[in-house]
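One structure is given here, and the rest of the page talks about it.
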Amino acid sequence: MKLRRLLKHLLVPAWWARRSFDRATLDAIEAAIGAAETGHRGELRFVVEGPLPLAVLWRGESVRQRAAELFSRLRVWDTEENSGILLYVQLVDRRVEILADRGIDARVSQEAWDLICRGMELAFRDGDFRRGALEAVDQAAQLLIRHFPVAGPDHNELPDRPVVL
């Protein structure tokens, strides 16, 4: 556990960290996910987290490890075609991670996921959280459309509403 990271997470109030993702931005992300999912058979989840829980910090979990924990807890892995994608934003650490279930991950390179993450981080650095999030949702959806196009009636397996922790 690094003392600097621990202090940063303990001293930053949750409301301050999450202020860039207001209700209108979360509504726009939800609408984008819902619209995107009409064009593919995958599932997208978007998670925004401010300060990490003390137990997570104590264990020294990386942002990637935290994303994996949430991927499991939110059951993103539990889709019929293993085509779930988690877009995770860690606001205090200023990092973005994307985790994809094995069905889509086998078809998309890590470089493609990293490119989406870095694009989000650049937009966030400029203070444009809405644009960064919506572009990332669109880019992930385009990958799902390419590899899991619609093949019948859509049945939404996971909620579209972003999760704010």
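Residue numbers (the numbering used here): 1371 to 1535. Note that CB positions come from ideal geometry on N, CA and C, so glycine has one too. As the structure is a computational prediction, the values presented were derived from the model and not from experiment.
In the DSSP assignment, P1519 forms a beta bridge with H1410. The distance from the Cβ of A1402 to that of V1478 is about 19 Å, inconsistent with a contact at the 8 Å cut-off. In this structure, R1501 lies away from A1510, with their beta-carbon atoms at least 7 Å apart.
Scanning R1531, L1513, K1378, R1464 for the CA closest to the CA of R1488 turns up R1464. When secondary structure is reduced to three states using DSSP, G1454 falls in the strand class. Using a 10 angstroms sphere on the CB of T1408, the tally of other CB atoms stays under 16, which defines it as exposed. Contact between the stretch 1518-1526 and the stretch 1417-1424 is not established, with fewer than three Cβ pairs separated by less than 8 Å.
At least 7 Å separates the beta-carbon of T1449 from that of E1400. Just so you know, the alpha carbons of R1472 and S1453 end up roughly 7 Å apart. Taken in chain order, no unbroken stretch of beta strand (DSSP E) lies wholly in the stretch 1468-1501 with a span of 3 residues or more. Looking at the DSSP output, R1465 sits in a beta bridge with Q1460.
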